[in-house]
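Chemist: First, the structure itself, so that you have it in front of you.
Protein chains in written order, with the working numbering: chain A, 59 to 418; chain B, 59 to 418.
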């Protein structure tokens, strides 16, 4: 394995001293980039793009050619696991993902199994290829949806506005939902370990829909299974710790409980005050976030102001850890020059929050 | 004015002792009721229903005939004010509300004015008629959208998934957005005062989209203007205090700041733990909530369990105040018998949390 030239991101996640605040953006390899749209068109469909390791590698690297980002993230879809379970993932233009065979009855749930990882070989091949092509420039992040988030799509069959089907199952047949979640947890764990073995240097669990659960049920049906995933994850690879990030969109009120989850960093969205969040987790974990992606439509002065505000909210990093990110995926309509201004400002303004604390 | 036979709801909002926890449901006059669907069909369109005081009165009273609810809420739309401002509200079947003339440029914003309240006469006529027909059975709640929530629709022109247009305005031309919000605050205040004068015995501000704002900006662009509304509200009518409720969906992390807003109660959604929320607001305000509306799809046993859990989370009411509600509007697909079970359980189980605290 090649030596990492820039490990600021990994060290920040582990709350080690770094010279500046590292930065990457959720969905940084995506539709706002004209070169992404071109590769996507060349592939023919979103799934063809995600399942072709060479093209997945190409789009993963595209944002790094334009911007001075401190990490790459595997280009893939969040629903690869249920697809490998046989649910039949399809993308209908303008409609988002949809499963041909969602879990609509007890028989389907009884048949559900941890998928053969060979069906996800294309993902691990992409990880290995990206790792090689990066050649140690920056670390590569592997990722998966959380057991709960995968279950939402598997039961609803598509994205939902009210999560009525999965919540009906949760209240009426919690045993069946626990079966799905337990299988998902095993699958996610194996999937992330295989990504680590293929070359992922950090991993992130996207609990995108954890925030739709009631307090009390979030802990039982989402957090518990994310914890199970983390417990069986490979801690080191090639002599380095592989840090874990967990992001629950809309999960700001559960940060205290999440700090004990067994991860190194928690992602937070823009509704969270970083100073308050930091006090809540008491620097036991690093924090990743939390600029509103819509800030990138505000023009250069606002972007730079808001970026500095996020840095100031976190404050002097000292014994903590901060990875700058958006609080959600970047919008497909984002102007390229907005991203340039953001990256430039974070790298320009953040060193003041690192190093020896003035006066102490 | 007729004497109130059941003022448990008003007293709970003011944190006075009550014998049980009062209950009403957001959107309780709505599509899950077959009689509502019939009246809606008779009216011809949603706006025709909302603008006809007799029919609005009829649908307001419908849920009270079926269920032992402790309050009625005016049936109306959240967008009556911008419609009266001349933006041209329309409902396209299956698409939700849409404005013919949204605020898409500086000229439109410069022309915006507090509307003549005569254009909203149909709302106040409905309030007066409902008040008369209720004949003191339970209190009547008047309501409005918050200045920010109205502005979201006025600038976006419809509901939005990313609030890109209003956030772009916020970052690029905060002066223009402040102008809209200031006019909205004046309009909402006059609108709620006119509802109080017509017979509303409590008022609620729905800050439905406050939760999409970043921390820091929520305070500047939503909370500040809700505060302005509350500052000018008539405090008493017909010898009784008119309590105020403010509900920011997704606003759980701002409860400490909202407790000083000048309202009597804060609505909270189901992601919030009521015990923690109560500690946060230190019983300075009552809390309203917070059952997940999807619980009503869980069958009778789950509904009763979850209702008891909400009561237990709040705990013994003592010096506090709790109004039972859903954490969001009731779903149109809700079975009637689910609502019956919920109402029955709250009235059956809640007296144990009132009166002299055992052992103290």
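Glycine included, every Cβ here is placed at the ideal spot set by N, Cα and C.
These numbers come from a predicted model, not from an experiment.
Can you list, in chain order, the residues of its chain with a C-beta nearer than 7 Å to that of residue 417/A? Leave out the 5 residues immediately preceding and following it.
Modeler: For the purposes of this step, residue 417/A is identified with residue 359 of the first chain, where counting begins at 1. For residue 417/A, the predicted structure reports a pLDDT of 41, less than 50, and the residue's modelled location is therefore unreliable. A value from the coordinates is still provided. Result list for residue 417/A: empty, nothing under 7 Å.
Chemist: Going by DSSP in three states, residue 405/A sits in which element: helix, strand or coil?
Modeler: The residue you call residue 405/A lines up with position 347 of the first chain. Note: residue 405/A maps to helix in three-state DSSP.
Chemist: Please report the straight-line C-alpha distance between residue 235/B and residue 281/B, rounded to a whole angstrom.
Modeler: Taking the first residue of the second chain as position 1, residue 235/B is located at position 177. Taking the first residue of the second chain as position 1, residue 281/B is located at position 223. Roughly 14 Å between the two C-alpha positions.
Chemist: Which whole-angstrom value is the C-beta distance of residue 250/B and residue 285/B, which I expect to be below 8 Å?
Modeler: In the second chain, the residue the question calls residue 250/B occupies position 192. In the second chain, the residue the question calls residue 285/B occupies position 227. Contact doesn't hold; Cβ gap of about 14 Å is too wide.
Chemist: With burial defined as no fewer than 16 other Cβ atoms inside 10 Å of the residue's Cβ, what is the status of residue 346/A: buried or exposed?
Modeler: As a position in the first chain, residue 346/A is number 288, starting the count at 1. Buried.
Chemist: Return the CA-CA distance between residue 353/A and residue 401/B, expressed in angstroms with no decimal places.
Modeler: Position 295 of the first chain, counted from the start, is the residue given in the question as residue 353/A. Position 343 of the second chain, counted from the start, is the residue given in the question as residue 401/B. When rounded, the distance between both Cα atoms is 44 Å.
Chemist: When Cβ atoms are compared, which residues of the region 311 to 342 of chain A fall closer than 7 Å to chain B?
Modeler: Listed in sequence order: 311, 328, 329, 330 and 331.
Chemist: Would you say residue 150/B and residue 156/B are within 7 Å of each other, going by their C-beta atoms?
Modeler: Position 92 of the second chain, counted from the start, is the residue given in the question as residue 150/B. Position 98 of the second chain, counted from the start, is the residue given in the question as residue 156/B. Yes, the Cβ-Cβ distance between residue 150/B and residue 156/B is below 7 Å.
Chemist: Looking at chain B, which residues of the region 73 to 98 of chain A have a Cβ within less than 7 Å of any of its Cβ atoms?
Modeler: Of all residues in the region 73 to 98 of chain A, none has a Cβ within less than 7 Å of some Cβ in chain B.
Chemist: Can you grab the Cα-Cα spacing for the pair residue 185/B / residue 104/B, in whole Å?
Modeler: Your numbering for residue 185/B matches position 127 in the second chain. Your numbering for residue 104/B matches position 46 in the second chain. Going by the C-alpha atoms only, they are around 18 Å apart.
Chemist: Take residue 164/B as the anchor and find which of 143/B, 270/B, 232/B and 327/B has the nearest alpha-carbon.
Modeler: Start at 1 with the first residue of the second chain, and residue 164/B comes out as number 106. With distances taken between Cα atoms, residue 164/B lies closest to 232/B.
Chemist: Taking the DSSP output, what are the residues bridged to residue 383/A?
Modeler: Residue mapping note: residue 383/A aligns to position 325 of the first chain, counting from 1. Answer is 348/A.
Chemist: Return the CA-CA distance between residue 245/B and residue 308/B, expressed in angstroms with no decimal places.
Modeler: In the second chain, residue 245/B corresponds to position 187, counting from 1. In the second chain, residue 308/B corresponds to position 250, counting from 1. If you take the alpha carbons of residue 245/B and residue 308/B, they lie about 25 Å apart.
Chemist: Within the 7 Å Cβ cut-off, does residue 307/A reach chain B?
Modeler: Sequence index remark: in the first chain, residue 307/A carries index 249 (1-based). It does not: the Cβ of residue 307/A has no partner Cβ on chain B nearer than 7 Å.
Chemist: Any idea which residues DSSP pairs residue 294/B with across the strands?
Modeler: Here residue 294/B refers to the residue found at position 236 of the second chain. The partner list for residue 294/B (beta bridge, DSSP) reads 299/B.
Chemist: List the residues of chain A whose Cβ lies closer than 8 Å to the Cβ of residue 391/B, in chain order.
Modeler: Sequence index remark: in the second chain, residue 391/B carries index 333 (1-based). Within 8 Å Cβ-Cβ: 222.
Chemist: Considering just the uninterrupted stretch of the beta strand (DSSP E) at residue 261/B, what are its terminal residues?
Modeler: As a first step, residue 261/B is located in the second chain; it is residue number 203 there, counting from the start. Per DSSP, residue 261/B belongs to the beta strand (DSSP E) from 260 to 265.
Chemist: Return the residue from the list 96/B, 259/B, 253/B and 306/B that minimises the CA-CA distance to residue 266/B.
Modeler: Taking the first residue of the second chain as position 1, residue 266/B is located at position 208. Checking every option, the nearest Cα to that of residue 266/B belongs to 306/B.
Chemist: When you compare only the Cα positions, how much space is there between residue 87/B and residue 125/B?
Modeler: For the purposes of this step, residue 87/B is taken as the residue at position 29 of the second chain. For the purposes of this step, residue 125/B is taken as the residue at position 67 of the second chain. Spanning the two alpha carbons is a distance of roughly 11 Å.
Chemist: Within its chain, find whatever has a CB closer than 7 Å to the CB of residue 299/A; leave out the 5 residues flanking it on each side and keep chain order.
Modeler: Counted from its first residue, the first chain places residue 299/A at position 241. Taken in chain order, the residues that qualify are 72 and 293.
Chemist: With a threshold of 7 Å between beta-carbons, can residue 283/A be considered close to chain B, or not?
Modeler: Indexing the first chain from 1 puts residue 283/A at position 225. By this cut-off, residue 283/A is not an interface position.
Chemist: Hey, how far is the Cα of residue 414/A from the Cα of residue 376/A?
Modeler: Along the first chain, read from residue 1 onward, the residue named residue 414/A stands at position 356. Along the first chain, read from residue 1 onward, the residue named residue 376/A stands at position 318. In a straight line, the C-alpha of residue 414/A is about 8 Å away from that of residue 376/A.
Chemist: Quick one: what does DSSP say residue 161/B is sitting in, helix, strand or coil?
Modeler: What you label residue 161/B is simply residue 103 of the second chain in a count that begins at 1. Note: residue 161/B maps to coil in three-state DSSP.
Chemist: Step through the CB atoms of chain D and report whether any lies within less than 7 Å of the CB of residue 215/B.
Modeler: The chain labelled as chain D is not found among the protein chains of the depicted structure, namely A and B.
Chemist: How far does the beta strand (DSSP E) with residue 323/A in it reach, from first residue to last?
Modeler: By 1-based counting over the first chain, the position of residue 323/A is 265. That run of the beta strand (DSSP E) goes 323 to 325.
Chemist: Residues in its own chain within less than 8 Å of residue 313/A by CB, not counting five upstream and five downstream?
Modeler: Residue mapping note: residue 313/A aligns to position 255 of the first chain, counting from 1. Excluding sequence neighbours, residue 313/A sits near 324, 326, 330, 335, 338 and 339.
Chemist: Among 363/A, 310/A and 114/A, which one has its Cα closest to the Cα of residue 200/A?
Modeler: Taking the first chain and counting its residues from 1, one reaches residue 200/A at position 142. That would be 114/A, whose Cα lies nearest to the Cα of residue 200/A.
Chemist: Is the separation between the beta-carbon of residue 172/B and that of residue 243/B shorter than 7 Å?
Modeler: Taking the second chain and counting its residues from 1, the one referred to as residue 172/B is at position 114. Taking the second chain and counting its residues from 1, the one referred to as residue 243/B is at position 185. No, the Cβ-Cβ distance between residue 172/B and residue 243/B is not below 7 Å.
Chemist: Closest to residue 393/A by CA distance: which of 92/A, 77/A and 82/A is it?
Modeler: Reading the first chain from its first residue, position 335 is the one you call residue 393/A. The shortest Cα separation from residue 393/A among 92/A, 77/A and 82/A belongs to 92/A.
Chemist: Cβ of residue 212/A less than 7 Å from any chain B Cβ?
Modeler: Translated into positions along the first chain, residue 212/A becomes position 154. No, no contact with chain B.
Chemist: Can you give me the C-alpha to C-alpha distance between residue 221/A and residue 296/B, rounded to a whole angstrom?
Modeler: As a first step, residue 221/A is located in the first chain; it is residue number 163 there, counting from the start. As a first step, residue 296/B is located in the second chain; it is residue number 238 there, counting from the start. C-alpha separation (whole angstroms): 44 Å.
Chemist: From what residue to what residue does the alpha helix (DSSP H) around residue 240/A run?
Modeler: As a position in the first chain, residue 240/A is number 182, starting the count at 1. It spans 232 to 256 - the alpha helix (DSSP H) in which residue 240/A sits, taken as one unbroken run.
Chemist: So for residue 417/B, helix, strand or coil by DSSP?
Modeler: Here residue 417/B corresponds to residue number 359 of the second chain, with the count starting at 1. The pLDDT assigned to residue 417/B is 42, lower than 50, so where the model puts this residue is not dependable; a value taken from the coordinates is nonetheless given after this. Coil.
Chemist: Classify residue 336/A as helix, strand or coil using the three-state DSSP reduction.
Modeler: Within the first chain, residue 336/A is the residue found at index 278, counting from 1. In the structure shown, residue 336/A sits in a helix (DSSP, three-state: H, G or I).
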